[in-house]
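Asks:
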């Protein structure tokens with residue numbers, strides 16, 4: 001068995017060779033680290049509507065001031081929570097139909113929001129993805145074609161709202 005002896009020149013060449021080999025390996029590793037991976041994930045739409053406090057109210061009909069055209073306004077009625085990972089629209093309808101009344105609503109606290117008439121599914125509120133709590137201001141007025149309230153007995157009336165949540 002023959003033993004190798006390295007002199008100073010051979011030792012220097014070996015060290016330079018190992019250093020160059022090490023640098024090449026490190027540069028290959030750093031190039032591998034800069035590689036880009038792209039993954040596409042398709043998440044199905046998820047929506048949830050939680051009725052925390054039902055949107056329902058009762059009132060005496062005809063109310064005081066109705067004859068003079070005064071509206072009956074209820075503030076901050078009910079509370080619902082909309083949770084959605086997509087933009088959404090909430091359709092609102094009334095479960096009761098009164099020919100002699102018109103029911104309007106808007107989100108509570110939004111005094112510049114327009115009053116929307118609740119008849120069929122014409123009233124709606126839209127929102128962005130996330131979670132949102134909504135309460136309502138509700139306005140009840142006598143129907144435009146019904147001006148004679150003397151024929152009506154005083155009675156209790158109710159308004160119950162129903163909601164349908166869909167994605168935009």
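In our numbering, the protein residues as written are 1 to 168. Built from N, CA and C at the ideal position, the CB exists for glycine as well.
Might you give, ordered along the chain, the residues of its own chain that have their beta carbon closer than 6 angstroms to the beta carbon of residue 73, omitting 5 neighbours on each side?
Replies: Along the chain shown, read from residue 1 onward, the residue named residue 73 stands at position 73. Correct list, in chain order: 139.
Asks: Evaluate residue 90 with the Cβ neighbour count: other Cβ atoms within 10 Å of its Cβ, from every protein chain shown; 16 or more gives buried, anything less gives exposed.
Replies: Counting from one through the chain shown, the residue named residue 90 turns up at place 90. Counting the other CB atoms within 10 Å of its CB gives residue 90 a total of 16 or more, which places it among the buried residues.
Asks: Are the CB atoms of residue 52 and residue 76 nearer to each other than 7 angstroms?
Replies: Here residue 52 refers to the residue found at position 52 of the chain shown. Here residue 76 refers to the residue found at position 76 of the chain shown. Against a cut-off of 7 angstroms, the Cβ pair of residue 76 and residue 52 comes out as no contact.
Asks: Can you tell me where the beta strand (DSSP E) with residue 53 in it begins and where it stops?
Replies: The residue given as residue 53 occupies position 53 in the chain shown. 47–53 is the extent of the beta strand (DSSP E) around residue 53.
Asks: Let me confirm a value: residue 142 is counted as buried when at least 16 other C-beta atoms fall within 10 Å, else exposed. Which label applies?
Replies: Position 142 of the chain shown, counting from 1, holds the residue named residue 142. Counting Cβ neighbours within 10 Å, residue 142 comes out buried, since at least 16 surround it.
Asks: Ignoring anything shorter than 3 residues or poking outside the stretch 57–134, list the beta strand (DSSP E) runs there in chain order.
Replies: 72–84, 88–94, 101–107, 123–127
Asks: Using the C-alpha atoms, what's the distance from residue 42 back to residue 123?
Replies: Start at 1 with the first residue of the chain shown, and residue 123 comes out as number 123. Start at 1 with the first residue of the chain shown, and residue 42 comes out as number 42. Looking at the two C-alpha atoms, the distance is approximately 32 angstroms.
Asks: Using the Cβ count rule (16 or more neighbours within 10 Å means buried), how would you classify residue 62?
Replies: For the purposes of this step, residue 62 is taken as residue 62 along the chain shown, with counting starting at 1. By the neighbour-count rule (16 or more Cβ atoms within 10 Å), residue 62 is buried.
Asks: Take residue 103 as the anchor and find which of 128, 144, 88, 21 has the nearest alpha-carbon.
Replies: Counted from its first residue, the chain shown places residue 103 at position 103. Comparing Cα positions, the closest option is 144.
Asks: Using C-beta distances below 8 angstroms, list every residue in its chain close to residue 154, excluding the 5 sequence neighbours before and after it, in chain order.
Replies: Within the chain shown, the letter at position 154 stands for residue 154. In its chain, beyond the 5 residues on either side, 60, 61, 62 have a beta carbon closer than 8 angstroms to the beta carbon of residue 154.
Asks: Could you round the C-beta distance between residue 95 and residue 47 to whole angstroms and report it? I think they count as a contact, below 8 angstroms.
Replies: The sequence position of residue 95 within the chain shown is 95, counting from 1. The sequence position of residue 47 within the chain shown is 47, counting from 1. Contact flag wrong, Cβ pair sits at about 22 angstroms.
Asks: Taking DSSP as the reference, what is the three-state secondary structure of residue 157?
Replies: Numbered from its first residue, the chain shown carries residue 157 at position 157. In the structure shown, residue 157 sits in a strand (DSSP, three-state: E or B).
Asks: Grouping DSSP H, G and I as helix and E and B as strand, with all else coil, what is residue 41?
Replies: Within the chain shown, the letter at position 41 stands for residue 41. Residue 41 falls in the coil class under three-state DSSP.
Asks: Nearest-angstrom Cα distance between residue 70 and residue 64?
Replies: Counting from one through the chain shown, the residue named residue 70 turns up at place 70. Counting from one through the chain shown, the residue named residue 64 turns up at place 64. Near 8 angstroms, if we compare the C-alpha coordinates of residue 64 and residue 70.
Asks: Mark residue 10 as exposed unless 16 or more other C-beta atoms lie within 10 angstroms of its C-beta, in which case mark it buried.
Replies: The sequence position of residue 10 within the chain shown is 10, counting from 1. Residue 10 should be labelled exposed.
Asks: Ignore the nearest five residues each way along the sequence and tell me which others in residue 130's own chain have a CB closer than 6 angstroms to its CB.
Replies: Residue 130 sits at position 130 when you count from the first residue of the chain shown. Once the five neighbours on either side are set aside, residue 130 has no close Cβ partner at all.
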